[in-house]
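Residue numbers for the sequence shown, in UniProt numbering: 1 to 125.
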Amino acid sequence: MGAKRKASPWRSPWAKWGGRGRSQWAKWVRELDGKSGVYVIREKGSRLVVYVGQSHTGRLKKTMIRHFQHWKGNNAGPTYNRGRVEVRVILAPKRVPMILKIEQECLYRLNPRDNETGWPDEVPF
Numbered sequence: 001m002g003a004k005r006k007a008s009p010w011r012s013p014w015a016k017w018g019g020r021g022r023s024q025w026a027k028w029v030r031e032l033d034g035k036s037g038v039y040v041i042r043e044k045g046s047r048l049v050v051y052v053g054q055s056h057t058g059r060l061k062k063t064m065i066r067h068f069q070h071w072k073g074n075n076a077g078p079t080y081n082r083g084r085v086e087v088r089v090i091l092a093p094k095r096v097p098m099i100l101k102i103e104q105e106c107l108y109r110l111n112p113r114d115n116e117t118g119w120p121d122e123v124p125f
């Protein structure tokens, strides 16, 4: 998946228990700080891919986790219950063309339910 880039395994973004009995982001999510790449979100049960997103500015963690928090405004996107989804990440250097190419390939191949691609839903003939 991706332009000759290796994708991580599907994983939950949420750790069951953090320190002192608190829930927290999984260690692998916390390690995304300062990184760039593409993320894919799917439902755990049905395995339906619901969203593909990217960050090319070293803000992959922040960009991804906002889909698991309440957010609003012009840039608001879909949100998901972090306990009911799995995420796969493709890390890439901070090169916009490469990351956009990986994202476009994922959008095309996976056809996520909640992305607004601008592509027609039906073949026009």
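Backbone N, C-alpha and C fix where the C-beta goes; we use that ideal spot for every residue, glycine too.
>> If I measure Cβ to Cβ from L107 and keep anything under 7 Å in the same chain, skipping five residues before and after, which residues do I get?
In response: V52, N115 and T117
>> Just to confirm the assignment, what range does the beta strand (DSSP E) spanning E86 have?
In response: Where E86 is concerned, the enclosing beta strand (DSSP E) stretches over V85 to A92.
> On the three-state DSSP scale, how would you describe E43?
Replying inline: strand
> For N115, which three-state DSSP category applies?
Replying inline: It is coil, neither helix nor strand.
> What separation, rounded to the nearest whole angstrom, lies between the Cα atoms of T63 and S46?
Replying inline: 24 Å
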